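J.: The sequence shown lines up with residues -26 to -1, 1 to 254 when you count with mature numbering (1 follows the signal peptide of the UniProt record, and there is no 0).
Heads up, the beta-carbon is just placed ideally off N, CA and C, and yes, glycines get one too.
Quick caveat, the model's predicted, so the values are computed rather than measured.
Have a look at this one.
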Amino acid sequence: MQVMKSRQDLRLIKILLLIFNISACADVYEWQDKDGNKHFSDRVHDNSKKIDLNPGYSYYKVEQVYDGDTVKLSDGRKIRLLDINTPEVKHRNQDAEAGGEIAKQWLTNKLKDQKVRLMTDVEQTDKYKRTLAYLITENKENINVQLVELGLAAVNIYPPNLLYVDELVAAGNRAQQAKRGIWQQAQYTVIPVDQLGNDGHSGWTRLKGKVSNIRSSRKFVYLDFSDVFQARIEKQWLSLFPEINSYRGRTIEVRGWLNKNRGGWSMLIRHPSAIHGISD
């Protein structure tokens, strides 16, 4: 009869966790076959028993809250909360945006007497050397999702970081339907493309119009709305989107930040969650 030693069992369980990408709240089950060999799975089998796992996560105090989506941990690391965006607070060269201080205050109060661990995704850091992560409390609360659920943050998916995309998108839809937080702020109401002026619109923006043409370059596919506005999608992420030509002639809402170009304005669309309200 083959029986694994406890250290070997633990090693196998850790391998299983990596293979199945099991989160802290997932279950692992153990059972023996007729020859006495041990097996492990994330699904229940006959005569299986649930294993009490202690992943040994490190938890940290939050030393400073910069704004609703950026904090500093007690070990000195600056953390940018993944796949969300909260309105800006006032900086030296940045005016405050509606809802920015509210999001910062909520996050400050929420984390005041709590410790958090980091759940990372594919990309570990951003161009500013900040650690990219989802903040998980000791009570297994996902702070990123909570900010979106309360309408304090907008969903802002950055592929290939898609670990919580379904939860974030669902939370964002509920917040918008309930008109919580930013969804009741005039600054974030949708703007018709034909009302986009020479000054554009600062900060996170919602624009709506009809896609009149679709074209492509070496790196991007462009959705043309008018002579002065286009949305662009990186070709490397096209597989995440519906058939791109399905947008042609449709009225859609796009969400993101405006960039000035020679012909007017452009918006980078990283993920289909930034496209809403599709109609003929």
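Does the region 51 to 60 come within contact of the region 129 to 142, defined as at least 3 CB pairs closer than 8 Å?
T.: Yes, the region 51 to 60 touches the region 129 to 142.
J.: Would you list the residues sitting across from H65 in a DSSP beta bridge?
T.: Per DSSP, Q68.
J.: Name, in chain order, the residues that DSSP records as bridge partners for G73.
T.: Bridge partners of G73: none, in fact.
J.: Pick helix, strand or coil for G251, following the three-state DSSP scheme.
T.: G251 falls in the strand class under three-state DSSP.
J.: Does P61 pass the burial test, meaning 16 or more other C-beta atoms within 10 Å, or should it be called exposed?
T.: Looking at its Cβ environment, which holds 16 or more other Cβ atoms inside 10 Å, P61 is buried.
J.: Would the region 94 to 111 count as touching the region 66 to 79 if we require 3 or more Cβ pairs under 8 Å?
T.: No, because fewer than three Cβ pairs between the region 94 to 111 and the region 66 to 79 fall closer than 8 Å, the two stretches do not touch.
J.: Do you know how far the Cα of K8 is from the Cα of I(-5)?
T.: Note that I(-5) scores a pLDDT of 45, beneath 50, so its modelled location is shaky; the value from the coordinates is reported in the next line. Each residue's alpha carbon lies about 27 Å from the other.
J.: Following the continuous beta strand (DSSP E) through A205, name the residue where it begins and the one where it ends.
T.: Its beta strand (DSSP E) spans residues F203 to E208.
J.: Using the Cβ count rule (16 or more neighbours within 10 Å means buried), how would you classify K78?
T.: It is buried - the Cβ of K78 has at least 16 other Cβ atoms within 10 Å.
J.: So if DSSP puts E227 in a beta bridge, which residue, or which two residues, is it bridged to?
T.: Answer is K182 and H250.
J.: Look at the alpha carbon of S(-21) and the alpha carbon of K103, and state the distance between them as a whole number of angstroms.
T.: At S(-21), the pLDDT of 46 sits below 50, so the modelled position is not reliable and the matter cannot be decided from this model.
J.: Who are the near neighbours of Q88 in its chain, counting only those whose CB is closer than 7 Å to its CB and skipping five residues on each side?
T.: Counting only Cβ-Cβ distances below 7 Å, and skipping sequence neighbours, we find T111 and E112.
J.: If we call anything under 8 Å between Cβ atoms a contact, is V36 one with L85?
T.: Yes, the Cβ-Cβ distance between V36 and L85 is below 8 Å.
J.: Give the straight-line distance between the Cα atoms of R24 and I226, rounded to the nearest whole angstrom.
T.: The sequence shown places Lys at residue 24, rather than the Arg named in the question. In a straight line, the C-alpha of K24 is about 47 Å away from that of I226.
J.: Report buried or exposed for E123, applying the criterion of at least 16 other Cβ atoms within 10 angstroms of its Cβ.
T.: Buried.
J.: Would S48 and Y34 qualify as a contact pair, given that the criterion is a beta-carbon distance under 8 Å?
T.: Result yes, Cβ atoms of S48 and Y34 sit closer than 8 Å.
J.: If you drop the 5 nearest sequence neighbours on each side, which residues of the same chain put their C-beta closer than 6 Å to that of D198?
T.: Closer than 6 Å at Cβ, skipping near neighbours: S186, N187 and Q204.
J.: How many angstroms separate the CA atom of I252 from the CA atom of R229?
T.: Straight-line Cα distance between these residues: approximately 13 Å.
J.: According to DSSP, is R91 part of a helix, a strand, or is it coil?
T.: Residue state, collapsed to three classes: strand.
J.: Using 10 angstroms around the beta-carbon of D43, count the other beta-carbons present and answer buried if the total reaches 16, otherwise exposed.
T.: Counting Cβ neighbours within 10 Å, D43 comes out buried, since at least 16 surround it.
J.: From which residue to which residue does the beta strand (DSSP E) around G238 run?
T.: Its beta strand (DSSP E) spans residues G238 to L242.
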